[in-house]
Each structure stands twice: as structure tokens, then as C-alpha cells.
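Numbering (the numbering used here), first residue to last: 15 to 973.
1) Pick out the complete beta strand (DSSP E) segments inside the segment 440 to 489, 3 residues or longer, and give them in chain order.
2) Do residue 303 and residue 328 count as a contact pair if the criterion is CB distance below 8 Å?
3) Determine the direct distance from the alpha carbon of residue 662 to that of residue 483, and round the result to whole angstroms.
4) Tell me which residues share the same chain as residue 849 and place their Cβ nearer than 6 Å to its Cβ, disregarding the 5 neighbours each side in the sequence.
5) Specify, as a first and last residue, the run of the alpha helix (DSSP H) that residue 643 falls within.
6) Kindly indicate which three-state DSSP category residue 353 falls into: helix, strand or coil?
7) Quick one: measure Cβ to Cβ for residue 395 and residue 498, integer angstroms, because I've assumed they're closer than 8 Å.
8) Whole-angstrom Cβ separation of residue 665 and residue 592, contact assumed at under 8 Å?
9) Report yes or no: do the segment 793 to 803 and the segment 757 to 766 share at least 3 C-beta pairs separated by less than 8 Å?
10) I'd like to confirm the pairing. Which residues does DSSP put opposite residue 250 in its beta bridges?
11) In three-state terms, what does DSSP make of residue 318?
12) Per DSSP, which one or two residues make a beta bridge with residue 267?
13) Quick check: residue 287 and residue 437, are their CB atoms within less than 8 Å of each other?
14) In its own chain, which residues sit with a C-beta less than 6 Å from the C-beta of residue 261, not counting the 5 before and 5 after it?
15) Within 10 angstroms of its Cβ, does residue 468 collect 16 or more other Cβ (buried), or is it exposed?
16) Checking 8 Å against the spacing of the C-beta atoms, do residue 466 and residue 404 come in under that value?
17) Which class does residue 794 belong to by DSSP, given the choice of helix, strand or coil?
18) Going by DSSP in three states, residue 673 sits in which element: helix, strand or coil?
19) Find the nearest neighbour of residue 655 within the set 296, 888 and 606, judged by alpha-carbon distance.
20) How would you write the range of the alpha helix (DSSP H) that residue 935 sits in, first residue to last?
21) Less than 8 Å between the C-beta atoms of residue 620 and residue 660, yes or no?
22) Would you identify the three-state DSSP class for residue 428, choosing helix, strand or coil?
23) What does the alpha-carbon distance come out to for the pair residue 335 and residue 566?
24) How big is the Cα-Cα spacing for residue 501 and residue 678?
25) Roughly how many angstroms separate the alpha carbons of residue 374 and residue 310, rounded to a whole number?
26) List the endpoints of the continuous beta strand (DSSP E) containing residue 579.
27) Cα-Cα, which of 554, 816, 724 and 433 is closest to residue 714?
28) Quick one: using the 10 Å Cβ neighbour count with 16 as the cut-off for buried, is residue 274 buried or exposed?
29) Is residue 191 helix, strand or coil when you go by DSSP?
30) Below 8 Å between beta carbons: does that hold for residue 505 and residue 573?
31) If you run the structure through DSSP and keep just helix, strand and coil, what is residue 900?
32) Residue 556 bridges to which residues according to DSSP?
33) Can you tell me where the alpha helix (DSSP H) holding residue 718 begins and where it ends?
34) Where residue 916 and residue 731 are concerned, what is the direct C-alpha to C-alpha distance, given to the nearest angstrom?
35) Which value, in whole angstroms, describes the spacing of the CA atoms of residue 812 and residue 931?
36) Mind the definition here: the segment 284 to 301 touches the segment 387 to 394 only if three or more C-beta pairs lie below 8 Å; say whether that holds.
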């Protein structure tokens, strides 16, 4: 369309034509219309397009008060536009006044921001005022939407793109009608500022015709430039988490990402930062990666339980030195789709017990972001169907995929008919499978012509990605043909669902009509396509029932006889479904036991292989236990070793298969006479053996559950089975006795309080002694443990009694009036209970009441000293033999508690804390009232009648 404003490239066609304008008339005067006409006539006719009106509305230069219609308005809608000849109401006059006040400011902005502009910029600005007609050279200028308030037009460029003036449509609203454009039409009316317009003029194509839409991309990979639309980029962000020094798995911060299907490139942005405190120094941050399950890590180099298969996750270490933030990129080409897990942690913890509030440790945080590049035009291969493809160099690789159905024993891949348009040799690199860390679980074929490959035991019920890259020189075009086929492994005597239903209700000994129940659960998945016409019954399915017990707790029950019958051919196959997405946070335990009663050949053995995603269906000469892309877990039972156990921490999220087959050293013929019964016990538990005697299994994570073991008494390891630094039983008993019997030092303080008639203080000390003793008896990590009630209750009572003991002791030293003293005791006790409920280990929960009590005591002592004009307490013996020793003991106790305690010396340093605090209380308690005799409280408890003594003087005597 000649003249006017072209729609932006991303604007729908309906935004520039065919969309009616919603109007609401405000009324205007002919004078205002003439003003608009005069403004639109400022530019010469040579500088305006032949079809541009004075308001930039395309055709209709003759439009004045109500003439031609907007090019995007239909005839029916334009006929309804009201005339501008109505009298001006008060609202219109106010609108005109505001516009006249804004005009000088807008022009001043243009002068300040623009300055002396080049001729090209001035010409572009002039064309912008006239709604961008085609330039004299014939180069079309397309107005692009400017980011800002919606509805801004090219007239806003007069104010430097800052919204100094309203758009031309809004100015028309003030004088005549208020036009409400549709969203697309409003976007079409937007235009950039003058500098952007100049760049558009210089970069615009010479062809004045509108750009044609790009043709649909072909299936062959002939593109690959920056404007290639075959990829979709996605960005995933997770919140930052605070890092901790590592002592067990709960100190590692877990992150979970889901990589979508058809992802060809993955990039992690790892951001680690530290605080600016004085304790912040150089440290290392270790990040572990794993696909399908949380990473198995061992930063401390400890031992795993026996029979545990350990495959540590891929990790990298980044250093935080003087920089405030460290950024690291990790790239993975062709990653596997599904869940990817990442954990980050700091080095080994120092073991020092830090009191919350006294020390300010340095804070470290870690935040990972994930970028993925996903292909959207992957070639889908069909079994036994050739696909002709072409790759031009330079170009992106060809991405294809094929679905692997169940019971696929092998995948046959062929690449043939390779042709090059030049004299260069035909060089291609074919990559089968997806990449996982730490090793690349992919098969790579370097083809210099026709080539083929076979994948034994490909992953069932998954898409297998195939990538083909050209290794020829630049400017070459390589054409080839791809073909894939499968070899089917059908189950032996596959029964229907009905037979499986009957097997749940009938005896397992009697055979079922119509088939055996040994192949029921896995037959529902369907057989694979068999293009070669080969049909071999190479496995026997054993039905397995999954029982969900609790979070990350499962039990698999094998149906059938007492054990699984195992023969030489075909192998028995069991399926363990761990594909729910929430089962990889525990420990998978597999136990095989050979039934000796049914054993008929002593030299034979039962070979077993546990694998994920696909089973191992044949035993080669080396008896390897591996599938197409992963290594399985082999097991073996025989008469000499009838039991075998396998422990897998954090199993991968997938369907797990157990293959059982009978092997004979003399040959396969001898095994035909042998039979074996194997008992299979498979379960998934949060922690192996519940972390043993010296460990505690804890469920970690909120959105994704996973478990870990917290070890005690010096024990360590994944399941608390390593005893290299374990405490002997004698040491554990000694630690328990020290922490409990050290509380008996409160007995002298209780005796002194009773002697001086401080009954409230004595009762508080007794409460503290009792609960502190049994709390430490329950808090012990070893076997010397005794809990009389819930651990949390004992802990609260211990902390509460300690703080209240300090509170009542200092108030007693203040020697307040009894009423005021008891009121403060009760109020202080209530506030202490509230603060401990909020945060028990905060230092201010103990220091706060102490400081308040000290202030009250100092104020009372100062008041008595000023009143008596003497030091208080007045006796030097009181200061020398009681106050100074008590204060010294209290200060030493605080130093030991705050700065010396560690996890290794806790049992004797904390015992010293008990002794020092109890001894200081006995020294600091003040003497009782002079009118009260020592132990006077005992007489009141034991004697019913008392002789009242009158201490008043008789002022009058009768003689």
C-alpha cells in the first residue's frame, strides 16, 4: 500500500485494516478543527505522502471537520464519526488550555535533547511529524512499536520519546472525538523516537514492497543461521539458598530441574556469593550433578555399608576468594530429558559450637539458573522405513528420534547412500542416545561412507535421540539415508490380564488354564515392531506387586511360588516400578536367597543382573551386566554362597529390571537338567537399616522428599557404619555421667536458699536441676540414653529453668520489696517462656533477662547507697568472700559456654558450665531477713501451733 504507516512486522493483519474504531464524541468547535488543519499543513506538500492526511490518517488530505475516513476504519464505522461543529463544552476548553501549557515544555525538551542534529535525523523527524510518508529515495520507513505507554504515536517523538505530548489521536479527542483503538490498531499507531527513526531509514531495504512471510522450513537441515526458527530457548530460575559447611547430607542444598524433551543444548549458570562480614574469607563451593536422582556424594571420604554399589556423582569446585560473587557456566550437549538434580555445599565443618547472637558467621549463598535450547522440528524415524536427508555445510546437525517400544532386544541402525556434491570424502558423525554426567552415556559412530550399528537392550518406552553431523569441509552438501529396525524378544507363555486376576485369588501351586501367571504384568505394554520377522521367546515374566508403605518407603512382593523358578533358557524377568518421580530419594535394597531344597545341580550358579530402563536379556562370554547406555549391577548366588545383597543409594527414576538366569560351568546342555528356586526380596526404604544404632534417619526436602543419616558418638559414613572415630562404650557412659551428675552442684545452692528462707529461689533451682539432669540423659548420642518424656519437652524445660534461675537470683540480690519482687518474678517468667518458644538457642533469650535484672539490681543498690550515703553492700566481707568469687565464677562459665565448647569436648566443657553456674549461685545469694531465724521455714512446716512473740514495747504500765 503506498503511503501511510506500515504495520510492524509482528502485528496481525487485522490490526491495520478491518478493525472498527470505538468512538465517543466529546464535541468541538470549527476553530479547533481549523487549528488542527493548520498544524497538519505546516509541512510542504512535497514532504507529505500523496495519500497522507493532516493527522497522518492515510488517504483523505482533504479531510477537515469530518470528511474522509481512516484507512483502517470501514465505511460503516467512518460514517458514524461525529462532526466537529458542535459547540465546545467546558471540558474541551480545559483540554485545550492544558495542551497550550504543555506545548512550550515539549518544544524545549526537543531543543535540549536534540541539539544540533544531522540532516538525516532532522529529515527523519520531519517525516515522523507527517506520519512517515515514503522518502524521496523510495525507501519505505516502517514504524516499530516503542516500549512505553500503550497508544503512543509518532508525535511523541517531538518530546524526545519521553511522553511530552499526547498522540495525534488524543489531540483529536480533545477537539472532536475520543477514539478508542483496538489493541492491534493502537500498536500500529506507535512509532519510535527520532534517533531510532534515523537508524530505520539507514537500515531499511531498498524494496518498497512489504516483506513477504518466510517460507515454511523444510525437513532437511539446510539452515542454521542466527535467524533459524527450528529452536526454542527456555530459561528456568530457582531461588537462592544459603550454603552450610558440610557434616552430613542435610548440609547440602538440593536443586531440582526438569529438562524438557528434544533439548539439544543445556547450560547452567551457577552463581555463588558471600557476605561482606569480617569473618568472610576464601572458601570453596562444591557442586554435584546427576540425572534421574539426587547425587550420591562423599565429601568427607567416609565408608559406605557393605554390599553397597557406589557411583559418585559428577562434581566441580569453584573458589570464592576476594570476589563478592562467582559465576560459572556448565554446558551439556544433548542432555537426557527428565529430572536433573544438583547439590551444593561448603567444605567440612569445623565442629565449633557457635552461640547464636554472639558470633556473626559469614553467609554464603548459591543460585543456579538453567538455559535450554530445544529443537522443534526433529525428524521422527519409523521402524524399517528409510528416510532421505541432506545436510549442507555449514549447518546445524540433523536431529532425529525414534521411539523404542517394550520387549526390544536390540536396535539396528543403518546409514547408507552417502553422497557429497564435491570431491570431499563423505564424513559423518552419528551420536545415539543422550548425555548424562559424569560419563557420556552415548554411542558415537564415525562414518566415512555407509555404516551401521547395533544397540543391545535399548531403553524401553522412551524416545531415542539420534544426531548426525557433517565432518566435510565448508560448502559441501551431504545426502544420506537413515534406517532403524528392532529385534523383538517376546515373553514365554504370555498370559492375559484375566489369568493374572485369577492368580491373585487361587492357589499358586495349581497351574492356571490358558497360560501361566509368570508373564502377566509386563505383557500389557505391547510387543515391539519386528521388521525382520524374527520371533524369539527369550524371557519369562514374573508378576510383581508394588506396595506403598510410607514416604520413600516401598515393598515389592513377588507373586507365584515360594521362590522364582530359574532356568538356563529363557531368563526370568522381574519389573520394579520406580518411575513415579518421587521414589529416588531413598535406598533400594535387593536380597537374593537360594532355596537349597530345589537345587539339583551343585556346580551351577544363578546369575542376576539389576538394570534401569531396560533389562539384560542374554549373558555373553564375559557375563557382563550392561545395557545399551548404562552399566547394571551384577549378582551371583550358588551353593557355596546362597545369599547375595545389593544396596543402591538414591536409585534412578526409571523402571528397574531384574534378570535371573542359570549358568553351568560344563556347558549349556548340562543346565537343561538343573532347576533352582530363588527368593527375591526387594524394598525401598528411606535409610538403610534405619541408620544403625548410632544414627538417626531424617526425611529432608520439602517439595521433593529424600532421606539422610545423622551420625552420633563419633560414628560416620553414609549409613553411620564407620567406627574409625567412634566413642567407646566407656567414654559414652562417662559423658552421660558427667553431664547428668554435674547438675548435683545445684544442691549447695538449694541448701543456701533454704537456709536464708529464699523458698521461691530454692524451688526454681530444684526444677532446673531435675530437668537438666534428665535432658542430658536423653540427649546422649550413644547407647547410654534414658528419656523419661518427650525430648522436645525436656529441652524446653532445661532451657527455661536455666534462664529463670538467673532471673530470680539477680532479683533476689536486688533486695526489693516482697510485692514488687514477686510481681517481677512472675512477669519475667512469662516473658522468658514466650521468648524461648520463639527461639531457644538465641543468645538474647538468656542475655536479655540477665541485663534487665542487672539494671534493676544496680538501680536498687544505687538508691540504697545514695540514701544511706554509703557503699552498698556495706560489708567488705560480703564483697570479698561472696560477691567477687560469685561474679568470677559466672564470668568464667560464660566464657566456657560461648567460646570454648566444640562437638568433640562438649561433654566435659558443658559439665564445667554446670558446676561453675551452680557454684556462683551459692555465692551470690544474699543473706535472709534479720527477723527470720535460719531454717525457720521448717518449723512452720512441722509445728501446728506457734507461740506468737510480741516485739512491740509497752508504752504504758499499770501499777
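C-beta atoms are modelled at their ideal positions from N, C-alpha and C, and glycine is treated no differently. Quantities reported herein were computed from a predicted structural model and do not represent experimental measurements.
In brief:
1) 442 to 446, 457 to 461, 465 to 470 and 476 to 484
2) yes
3) 37 Å
4) 859
5) Here residue 643 belongs to no alpha helix (DSSP H), and DSSP marks it neither H nor E.
6) strand
7) 5 Å
8) 6 Å
9) no
10) 384
11) coil
12) 358
13) no
14) 363
15) exposed
16) no
17) coil
18) strand
19) 606
20) 920 to 938
21) no
22) strand
23) 39 Å
24) 27 Å
25) 32 Å
26) 578 to 580
27) 724
28) exposed
29) Any answer about residue 191 is weak, because its pLDDT of 34 lies below 50 and its placement is not dependable; what the coordinates show is given next. In this structure, residue 191 counts as strand in the three-state DSSP scheme.
30) no
31) helix
32) 588
33) Segment: none, residue 718 is in no alpha helix (DSSP H) and carries neither H nor E.
34) 21 Å
35) 14 Å
36) no
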